[in-house]
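Working notes, beginning with the structure itself.
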Amino acid sequence: MTTTELIIFDWDGTLIDSSDLIVESVQRAIAATGLPQHSDDTIRQIIGLGMAEAVATLYPDQPEYARAELAHQYRASFARTATRAAPLFAGVEALLQQLERSGYLLAVATGKSRSGLLRDWRASGVGERFAASRTVDECASKPNPAMVQDLLAAVGVDACRALMVGDTVFDLQMAAAAGVAGVGVTWGVHGRQQLREAGHPCLKQPDCVTHPNM
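The sequence shown begins at 0 in numbering that gives the first Met the number 0 and counts up one residue at a time.
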């Protein structure tokens, strides 16, 4: 059996409980632009994509200028909303400590911007545990495999020795496209059924990640 050396985590919805803040910010942005409303559940389904891809998914028939305005309003809304720091999920800090002590390299691949990720790292205090990270303003959005491929190259680990952990099908599709094993987590925005349909196993709680070679 191939030994896992690198564990790549998604951020929002996997390590940090931020989905409610994101949904709230999107709803405010939609209201500000006057675009047709979407349900909270519909908005949760696009969490994990880059902003341009998320907006295009929600409003495929809207002109580019309307999408751009929604993206602008979202960033402004999230900047106000994010004054309330989203917490790490219960057990995540202990999980990262244990994995680091066990010798695993840890990384993050996120649809967040670099500035947003750094802001969350300052609030949570866990940024120093990651050997590398890639954000959507540095690489193509999920499910494009570019983030994972960049991370593999950055830390010098082969795809067969890496594991992607995420809460959305976008994470699992990205992993598959990069030739990396993937597992879904059921405490995020996409449900167990969605994740299973993507063809990957699912984990119920963070401490299940502590033995990735089992």
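Yeah, the Cβ is synthetic: ideal placement off N, Cα and C, and Gly gets one too. Here the structure is a predicted model, which is why all the values come from computation and not from measurement.
Best match in the options for proximity to residue i [C-alpha to C-alpha]
i: Leu5; options: Glu99, Gly187 and Tyr64; result: Glu99
i: Thr3; options: Ser101, Trp186, Lys141 and Gln36; result: Ser101
i: Asp119; options: Ala84, Ala28 and Met146; result: Ala84
i: Ala70; options: Pro144, Ala53, Leu20 and Glu92; result: Ala53
i: Gln79; options: Gly12, Tyr58 and Ser24; result: The sequence given here has Arg at residue 79, not Gln. Nearest option by C-alpha distance: Ser24.
i: Ala89; options: Ser132, Leu14, Ser76 and Gly47; result: Leu14
i: Ile46; options: Tyr64, Ala65, Pro35 and Asp9; result: Asp9
i: Asp40; options: His189, Cys201, Val208 and Arg195; result: His189
i: Leu87; options: Arg113, Ser123 and Arg66; result: Ser123
i: Ser114; options: Asp136, Arg191 and Ala197; result: Asp136
i: Ile7; options: Glu196, Arg191, Arg66 and Ala130; result: Ala130
i: Met50; options: Ala65, Ser112, Tyr64 and Pro59; result: Ser112
i: Gly170; options: Ser18, Val22, Leu48 and Asp16; result: Before going on, a small fix: residue 170 reads as Asp here, not Gly. Ranking the options by Cα distance to Asp170, first place goes to Leu48.
Whole-angstrom C-beta distance between residue j and residue i, which should lie under 8 Å
i: Arg121; j: Leu105; result: About 18 Å separates the two Cβ atoms, so there is no contact after all.
i: Leu20; j: His37; result: About 17 Å; that fails the 8 Å criterion.
i: Ala108; j: Val156; result: The Cβ separation is near 13 Å, so there is no contact.
i: Ala139; j: Leu151; result: Going by Cβ atoms, the distance from Ala139 to Leu151 rounds to 15 Å, so no, they are not a contact pair.
i: Asp166; j: Val179; result: Not confirmed; about 16 Å, so no contact.
i: Val164; j: Val125; result: Not really, about 15 Å apart at Cβ, beyond 8 Å.
i: Gln61; j: Ile42; result: At roughly 15 Å, the Cβ-Cβ gap does not stay under 8 Å, so Gln61 and Ile42 are not in contact.
Buried/exposed call for residue i, threshold 16 Cβ in 10 Å
i: Met213; result: Reliability fails at Met213, whose pLDDT of 41 lies under 50, so the model's placement of it is uncertain and the value that follows must be treated cautiously. Its Cβ having fewer than 16 others within 10 Å, Met213 is exposed.
i: Cys159; result: exposed
i: Thr232; result: Lying before the first or after the last residue shown, residue 232 is absent from the chain, which here runs from 0 to 213.
i: Gln44; result: buried
i: Pro35; result: exposed
i: Pro144; result: buried
i: Tyr103; result: buried
i: Arg191; result: exposed
i: Gln96; result: exposed
Residue i versus residue j - alpha carbon distance
i: Gly33; j: Ala55; result: 16 Å
i: Gln204; j: Leu94; result: 10 Å
i: Gly181; j: Val168; result: 10 Å
i: Gln193; j: Lys141; result: 16 Å
i: Gly12; j: Ala153; result: 24 Å
i: His199; j: Phe77; result: 32 Å
i: Trp186; j: Arg74; result: 25 Å
i: Leu117; j: Ser132; result: 10 Å
i: Gly110; j: Val91; result: 19 Å
i: Asp149; j: Glu68; result: 30 Å
i: Gln72; j: Ala65; result: 11 Å
query: Can we say the segment 171-178 touches the segment 24-43, given the rule of at least three CB pairs closer than 8 Å?
result: no
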